[in-house]
Structure formats: C-alpha cells, structure tokens
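Following: one structure in structure tokens, then a few remarks.
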Amino acid sequence: MAEHNNTPHKDDAFGTLKDAKVIAVVGFSDNPERPSYYVTERVLKKGLHKIYPINPKLAGQEIMGLKVYGSLEEIPEPIDIVNVFRNPAHVEPIVQEAIKLGAKTVWLQPGAENYEVIEKYKDKIHFVYEACIGVEAGYL
218 MAEHNNTPHK
228 DDAFGTLKDA
238 KVIAVVGFSD
248 NPERPSYYVT
258 ERVLKKGLHK
268 IYPINPKLAG
278 QEIMGLKVYG
288 SLEEIPEPID
298 IVNVFRNPAH
308 VEPIVQEAIK
318 LGAKTVWLQP
328 GAENYEVIEK
338 YKDKIHFVYE
348 ACIGVEAGYL
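So the sequence shown is numbered by this note's numbering: it starts at 218 and just counts up by one.
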C-alpha cells in the first residue's frame, strides 16, 4: 500500500463539511450499532445537510426518515461529499463514480482509507481521510 503524501486530508475536514450541503453515505447500514448508521445519525441531527444513504440491499427503504438509494447515480441532485464506509478494497469504483458524477469530495471514513486510490485520483477529486465526519459534525 502506498503511503499518503501531503494531500489535504484531516486538516481541512471541518471546512469541507461546513461548506457542504449534500452528502451521500456509501455503505450505509440499517444496524444502529454500525458506524455508518450512528455517524450518519449524528450528522443528520445537526440539520445542516441533505443526506442520501446508499446501500443496494436496502434501496427503496426509509431509515431515519431518509430514503435509501441503490447507487450514487440515483441521487437527484449534485453531491458535495461522498462519505465512504466501505472496505478499502472496494473504494476505487466509488471514487470513479464520484468523479464521473461531479462530486466535490470523497470522504474516506477511518478504516476505509486506500492510499493507492487517493494517490491515483488526487488530481481529479478532493479527498478527506483520517478524520471522522461524525466528529467534525460535533463542531458545527
């Protein structure tokens, strides 16, 4: 695995979140004990962002009052942050789709970081990593 370089990561996490309006949560779970659930819930409770949970297995369901979508392509408006809760081995196709759709930022939650993918796509999309969006939301 490649080591990360000076690409902006956690240093600009708060500003990235503060400026965002639309967040897609890839790897969202309906299990309240999973980080993708309770971190999303924390951001949602702030009431500052429109959140779109993404999980093909849960598509069409409503969880936390939010409709769950099957893919990023289904989101009906431009995405500011693609917040990723996935195994690092599955991150590259998500990053590629985010770029294709014109998302502003891919936020790799702790444990989802893939430094080879970050290095490969850092000139095409902004990344935030080594920072939890739920922690940053606490400062809003």
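Just so it is clear, CB atoms sit at the ideal spot from N, CA and C, and this is done for glycine as well.
Spatial distance of residue i from residue j (CA atoms)
i	j	result
ASP229	PRO273	30 Å
ILE350	LYS321	15 Å
GLY319	LYS337	17 Å
LYS238	LYS267	6 Å
Run of the alpha helix (DSSP H) containing residue i, from where it starts to where it stops
i	result
LYS337	332 to 338
LEU357	From DSSP, LEU357 is part of no alpha helix (DSSP H); its letter is neither H nor E.
ALA163	An answer regarding residue 163 cannot be provided, because it is not within the stretch 218 to 357 covered by the chain.
LEU325	It is not in any alpha helix (DSSP H) - LEU325 instead sits in the beta strand (DSSP E) that spans 322 to 325.
TYR255	252 to 263
Residue range of the beta strand (DSSP E) that includes residue i
i	result
PHE344	343 to 346
ALA241	239 to 243
PRO310	Element bounds for PRO310: not the beta strand (DSSP E) but the alpha helix (DSSP H), 308 to 318.
Proximity of residue i and residue j at Cβ, strictly below 8 Å
i	j	result
GLY287	ALA276	yes
PRO270	LEU283	yes
VAL243	VAL312	no
ASP247	TYR255	no
ALA262	LEU357	According to the sequence provided, residue 262 is Lys. The question's Ala does not apply to it. Taking 8 Å as the Cβ cut-off, LYS262 and LEU357 do not qualify as a contacting pair.
Cβ-Cβ separation, residue j to residue i (assumed contact under 8 Å), whole Å
i	j	result
GLU330	TYR346	5 Å
VAL299	VAL260	Not quite, the Cβ-Cβ distance comes to about 14 Å (not below 8 Å), so this is no contact.
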